[in-house]
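For reference, the structure is listed below as C-alpha cells.
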Amino acid sequence: MSITVFIAVLFAAIFHACWNALVKIGSDRFLGISLLTFFSGIVTLPALFWIGLPDIAAWKWIGLSVLFHIGYTLSLSRCYTLADFNQIYPISRGSAPLMTAFLGFLLFHEQLPTMGLVGILLIIAGIILISRSRQSTEFNLRKDALFFALLTALFTASYTLADGNGSRVGSSPLAYILWLFFLNGMVMYLLAWLRYRKNLNGKIKSYWKPAFFGGVMQLVSYGIVIWAMSHASIVLVAALRETSVLFAMLLSIYILKEQFNRKQLLACLVILVGIVAIKMG
C-alpha cells in the first residue's frame with residue numbers, strides 16, 4: 001500500500017467517525033442515516049453532468065452495492081432497537097474486516113500478506129478492547145441482536161467487495177463513486193418516504209443542516225475508500241477504514257470530555273500497531 005493511499009484512508013476514517021457522530025446526535029438513527037445518504041447523493045448532482053456515465057461493466061456492481069447498502073441500513077437500524085450501541089457496534093464493525101478477508105479470498109482470490117493479516121487481527125482486537133472499556137463486566141446480548149449485528153457486518157463486507165471490484169472496472173473510479181452515491185441517496189430517500197410519508201418534509205427541515213454536512217463527509221469518506229480500493233488491496237483498505245472507531249473514541253474524549261482509562265490506552269496502542277502492520281504489509 002503506497003503512502004498516499006495509506007494517509008488518504010486514515011483521513012477517510014476520521015471523516016467516517018465525524019459523520020457517525022452526527023448520526024448519534026439524533027434519536028432516530030434510521031432517519032439520520034437515510035437523510036445523510038440522501039444529501040450525499042444530492043451533492044453529486046452537478047458533477048454527474050460533467051463526469052458522464054460509468055462503463056457498462058460497472059453497473060452490475062453499482063446495483064449490487066445499492067442493494068447491499070439498503071440491507072446494511074435496515075439491519076443496522078434493527079440492531080439498535082434490540083441492543084445498546086456499545087454492544088452492537090464492535091461486533092458489526094469488528095467482524096466486517098474478517099468477513100471481507102474471507103469472502104475476498106473465497107470469491108475473488110484476494111491474497112493477503114502475513115503482516116497485513118496481523119494488522120487486521122490487531123485492529124479487530126483494538127475495537128473489541130474499546131467496546132469492553134465502556135461496558136460493565138456483564139455482557140448479555142440477545143440472540144436476535146447478535147444475528148442482526150453479524151448480518152450488518154456481512155452487508156458491510158458485501159458492499160465493500162462490490163465497490164472494490166466495481167471501482168476497478170473501466171477507466172473512471174470517480175464516475176463509479178458519484179453514480180453510486182446518487183442512486184443510493186435516491187433509494188434511501190424513497191425508503192424514508194415510505195416509512196414517514198407526510199412527516200418526512202418536516203423532519204428534513206429540522207435536520208437538514210447536520211444531514212447536509214454529514215452527507216458531504218460521508219461522500220468524501222467513502223469516496224476516498226472506493227478510490228483507495230482501486231489502487232490497493234480491498235481487504236487491507238477495509239480494515240484500515242475501521243480505525244474510525246479509534247478516532248471516534250478520541251473525539252468523545254477531547255470534545256465530549258469522556259474519561260480515558262487504561263483499557264482505552266491499550267486499545268489505542270493495539271490499533272496503532274495494527275495500522276503500522278498494514279502499512280508494512
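If you use UniProt numbering, the sequence shown corresponds to residues 1 to 281, in order.
For each residue, glycine too, the CB sits at the ideal point set by N, CA and C.
For Pro90, which of helix, strand or coil comes out of DSSP?
Three-state DSSP puts Pro90 in a helix.
Classify Lys143: buried if its beta carbon has 16 or more other beta carbons within 10 angstroms, exposed otherwise.
exposed
Answer with buried or exposed for Val270, where buried requires no fewer than 16 other C-beta atoms within 10 angstroms of its C-beta.
Val270 should be labelled buried.
Within the same chain, show all residues whose beta-carbon is closer than 7 Å to that of Gly170, passing over the 5 residues directly before and after it, in chain order.
Pro54, Asp55, Ala57, Ala58
Can you tell me the Cα-Cα spacing of Met249 and Pro90, whole angstroms?
Taking the CA atoms as reference points, Met249 sits about 12 Å from Pro90.
With a threshold of 8 Å, are at least 3 pairs of Cβ atoms found where one atom belongs to the stretch 65-80 and the other to the stretch 93-110?
no
Considering Lys143, what are the terminal residues of the alpha helix (DSSP H) in which it resides?
143-167
Inspect the beta-carbon positions of Ala96 and Ala8 and report whether they are closer than 8 Å.
No; because the gap between Cβ atoms is not below 8 Å, this pair is not in contact.
Go through its chain and collect everything with a Cβ distance to Trp227's Cβ below 6 Å, but skip five positions before and after it.
If we look at Trp227 and ignore the five residues flanking it on each side, its Cβ neighbours are Pro173.
Taking C-alpha atoms, which residue in Ser27, Tyr176, Leu10, Ser34 lies nearest to Gly185?
Ser34
Leu246 to Ala267, Cα distance in whole Å?
Taken atom to atom, the span from the alpha-carbon of Leu246 to that of Ala267 is near 8 Å.
Presumed contact (8 Å Cβ cut-off) between Ile224 and Ala12, rounded CB distance
So it is a contact: roughly 4 Å between Cβ atoms.
Expected contact under 8 Å - CB spacing of Ser208 and Leu48 to nearest Å:
The residue asked about is misnamed: residue 208 is Trp in this sequence, not Ser. Contact between Trp208 and Leu48 fails: their C-beta atoms lie close to 21 Å from each other, not under 8 Å.
Can you tell me which of the three DSSP states Thr137 falls into?
Confidence in Thr137 is poor, its pLDDT being 45 and thus under 50, which makes the residue's placement unreliable; the coordinate value appears in the next sentence. Three-state DSSP puts Thr137 in coil, outside helix and strand.
Taking 8 Å as the threshold (C-beta atoms), are Thr44 and Phe213 in contact?
no
How many whole angstroms separate the CB atoms of Ile123 and Glu242, which I take to be in contact at a CB cut-off of 8 Å?
6 Å
Distance, Leu67 Cα to Ala149 Cα:
18 Å
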